[in-house]
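*Asks:* Structure provided below as structure tokens; questions to follow.
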Amino acid sequence: MRTSPANRPGFAMVTAIMLLSLAAITVTLLGVTITNQVRRTEMAAEDAQLRQLLSAGAAVAQTRVASNSSGRFSISLPDALKQLSAELTVDIHDVSPAQKIAEVDASLDNHHRSQRLTFALQNGAWQISRADLGM
Amino acid sequence: MPRSISIRPGFTMIEIMATLILLGIFFEASVKVFNSTVLLSSASQDLCDHTSQIDSAMHQLRTDVWNCAAITVADPKSIDVVSAGGAKTSWQFDGKNHLSRTDADGQSARWDTGGIELAFSSDKVSLTISDGTASPMRMTSQILLARTEAP
Numbered sequence: 004m005r006t007s008p009a010n011r012p013g014f015a016m017v018t019a020i021m022l023l024s025l026a027a028i029t030v031t032l033l034g035v036t037i038t039n040q041v042r043r044t045e046m047a048a049e050d051a052q053l054r055q056l057l058s059a060g061a062a063v064a065q066t067r068v069a070s071n072s073s074g075r076f077s078i079s080l081p082d083a084l085k086q087l088s089a090e091l092t093v094d095i096h097d098v099s100p101a102q103k104i105a106e107v108d109a110s111l112d113n114h115h116r117s118q119r120l121t122f123a124l125q126n127g128a129w130q131i132s133r134a135d136l137g138m
Numbered sequence: 673m674p675r676s677i678s679i680r681p682g683f684t685m686i687e688i689m690a691t692l693i694l695l696g697i698f699f700e701a702s703v704k705v706f707n708s709t710v711l712l713s714s715a716s717q718d719l720c721d722h723t724s725q726i727d728s729a730m731h732q733l734r735t736d737v738w739n740c741a742a743i744t745v746a747d748p749k750s751i752d753v754v755s756a757g758g759a760k761t762s763w764q765f766d767g768k769n770h771l772s773r774t775d776a777d778g779q780s781a782r783w784d785t786g787g788i789e790l791a792f793s794s795d796k797v798s799l800t801i802s803d804g805t806a807s808p809m810r811m812t813s814q815i816l817l818a819r820t821e822a823p
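Order-wise, the sequence lines are chains A and B. Per the numbering used here: the first sequence = residues 4 to 138. Per the numbering used here: the second sequence = residues 673 to 823.
Have a look at this one:
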């Protein structure tokens with residue numbers, strides 16, 4: 004005797020739904036993993052760009068310190084970086100007659116890094132005696 | 673009086689064979705999808721762990737190199753980084769899976785590289801870490817860079 008449609012257990016349907024759920028979980032996991040890797044790569048690229056800016060800022064700071072300048076300076080950047088909303092500032096202040104500190108701050112669109120450079124007067128010339136990479 | 677015989681409609685051999693073949697294919701597909709889900713989940717977690725371990729180690733190494741006054745590469749697996757204050761920090765790759773750091777106070781830290789082979793080299797201003805790919809990682813010391821740029 005055949006069962007009526009209402010009494011069918013729906014084995015195929017349940018199995019199909021389970022399989023589709025598993026496939027959906029797999030695709031979601033894959034998507035999350037790929038998205039995380041893409042985000043990490045973007046962050047690493049931005050971080051590398053910011054470190055380059057900090058190195059450029061250190062060179063500017065060295066020049067300014069050598070010329071006995073102090074205060075906050077905004078450094079002009081190439082157009083390619085301006086389009087990325089990049090900014091680089093150097094803030095130099097005196098700690099003592101033989102020591103100056105320069106705070107170099109670099110930022111991109113949503114990302115920011117800084118470093119603190121300590122300059123010491125050695126043999127009549129200002130030299131970087133310490134460089135602390137900030138966040 | 674003859675008994676009435678009820679005739680139940682059955683399945684032909686071909687119908688049963690076709691159903692069994694379809695069920696077999698269905699079962700194999702479901703096992704493969706399930707395995708893929710489990711493997712992907714595990715691989716994703718491993719990748720996340722290794723990535724965070726390597727990122728953490730590279731962050732610490734970059735911080736050390738950024739403020740160093742000397743980089744000494746004893747061999748491709750070990751380096752000494754001397755800070756501007758004179759404190760020496762040693763980094764060593766055990767050749768298998770672990771990167772370790774020992775600071776001037778003797779405190780050690782260890783990271784799992786997840787099977788990635790690391791090799792160090794230096795041009796006296798920066799440290800290059802090669803992982804066997806075409807794009808090695810380069811970390812520059814601000815102090816050594818300033819010395820080379822100074823007139």
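Even glycine gets a Cβ: it sits at the ideal position worked out from N, Cα and C.
Hey, out of B:S780, B:G778 and B:K749, whose CA is closest to Q764 (chain B)'s CA?
*Replies:* As a first step, residue 764 (chain B) is located in the second sequence; it is residue number 92 there, counting from the start. For the residues B:S780, B:G778 and B:K749, the minimum Cα distance to Q764 (chain B) belongs to B:K749.
*Asks:* Evaluate L733 (chain B) with the Cβ neighbour count: other Cβ atoms within 10 Å of its Cβ, from every protein chain shown; 16 or more gives buried, anything less gives exposed.
*Replies:* For the purposes of this step, residue 733 (chain B) is taken as the residue at position 61 of the second sequence. Classification for L733 (chain B): buried.
*Asks:* Mind listing which residues of the region 704-716 of chain B have their C-beta closer than 7 Å to chain A's C-betas, in chain order?
*Replies:* Residues V705, F706, S708, T709, L712, S713 and S716.
*Asks:* Which full runs of the beta strand (DSSP E) of 3+ residues lie inside the region 83-132 of chain A, going along the chain?
*Replies:* Those beta strand (DSSP E) runs which fall completely within the region 83-132 of chain A and span 3+ residues are 90-99, 102-110 and 115-125.
*Asks:* Going by C-alpha to C-alpha distance, which of A:V68, A:A59 and A:S73 sits closest to P81 (chain A)?
*Replies:* Reading the first sequence from its first residue, position 78 is the one you call residue 81 (chain A). Ranking the options by Cα distance to P81 (chain A), first place goes to A:A59.
*Asks:* Determine, using beta-carbon pairs with one atom in the region 63-73 of chain A and one in the region 88-106 of chain A, whether at least three such pairs fall under 8 Å.
*Replies:* Touching, yes.
*Asks:* Less than 8 Å between the CB atoms is what I'm expecting for L32 (chain A) and S716 (chain B), so what's the real figure, rounded?
*Replies:* Position 29 of the first sequence holds residue 32 (chain A). Position 44 of the second sequence holds residue 716 (chain B). With a Cβ gap of about 6 Å, L32 (chain A) and S716 (chain B) count as contacting.
*Asks:* Is Q814 (chain B) close to chain D, meaning its C-beta is less than 7 Å from at least one C-beta of that chain?
*Replies:* Chain labels in this structure do not include chain D; the protein chains are A and B.
*Asks:* Using a beta-carbon distance below 7 Å, is T735 (chain B) in contact with chain A?
*Replies:* Here residue 735 (chain B) refers to the residue found at position 63 of the second sequence. Yes - at least one Cβ of chain A is within 7 Å of the one on T735 (chain B).
*Asks:* Smallest Cα separation from S728 (chain B): which of B:I743, B:H770 and B:A690?
*Replies:* For this step, residue 728 (chain B) is matched to residue 56 along the second sequence. Among B:I743, B:H770 and B:A690, the Cα nearest to that of S728 (chain B) belongs to B:H770.
*Asks:* Using a Cβ-Cβ cutoff of less than 8 Å, which residues in the same chain neighbour G137 (chain A) once the five nearest sequence positions on both sides are dropped?
*Replies:* One-based indexing of the first sequence puts residue 137 (chain A) at position 134. Excluding positions up to five away in sequence, the list reads R116, S117, Q118 and R119.
*Asks:* Sort A:D135, A:R133 and A:A128 by Cα distance to R67 (chain A) and report the nearest one.
*Replies:* By 1-based counting over the first sequence, the position of residue 67 (chain A) is 64. The shortest C-alpha separation from R67 (chain A) is found at A:A128.
*Asks:* Work out the CA separation of I131 (chain A) and L124 (chain A) for me, nearest whole Å.
*Replies:* In the first sequence, counting from the first residue as 1, residue 124 (chain A) sits at position 121. In the first sequence, counting from the first residue as 1, residue 131 (chain A) sits at position 128. If I take the Cα positions, the gap works out to 9 Å.
*Asks:* Do you know whose CA, among A:T121, A:D112, A:S88 and A:N113, lies nearest I104 (chain A)'s CA?
*Replies:* To locate residue 104 (chain A), count along the first sequence from 1; it is residue 101. The candidate whose alpha carbon is nearest that of I104 (chain A) is A:T121.
*Asks:* Give the DSSP-derived three-state secondary structure of F698 (chain B) in the structure shown.
*Replies:* The sequence position of residue 698 (chain B) within the second sequence is 26, counting from 1. If DSSP states are grouped into helix, strand and coil, F698 (chain B) belongs with the helices.
*Asks:* Is it a yes or a no for the region 695-706 of chain B touching the region 16-28 of chain A, going by three-plus beta-carbon pairs under 8 Å?
*Replies:* As far as the Cβ criterion goes, the region 695-706 of chain B touches the region 16-28 of chain A, which means the pair count is three or higher.
*Asks:* With 16 as the cutoff for other CB atoms within 10 Å, does F14 (chain A) come out buried or exposed?
*Replies:* In the first sequence, counting from the first residue as 1, residue 14 (chain A) sits at position 11. That one is exposed.
*Asks:* Alpha carbon to alpha carbon, how far is I693 (chain B) from Q52 (chain A)? Give it in angstroms, no decimals.
*Replies:* By one-based count along the first sequence, residue 52 (chain A) stands at place 49. By one-based count along the second sequence, residue 693 (chain B) stands at place 21. About 58 Å.
*Asks:* Interface residues of chain B around D135 (chain A) at Cβ under 7 Å?
*Replies:* Counted from its first residue, the first sequence places residue 135 (chain A) at position 132. Within 7 Å Cβ-Cβ: N739.
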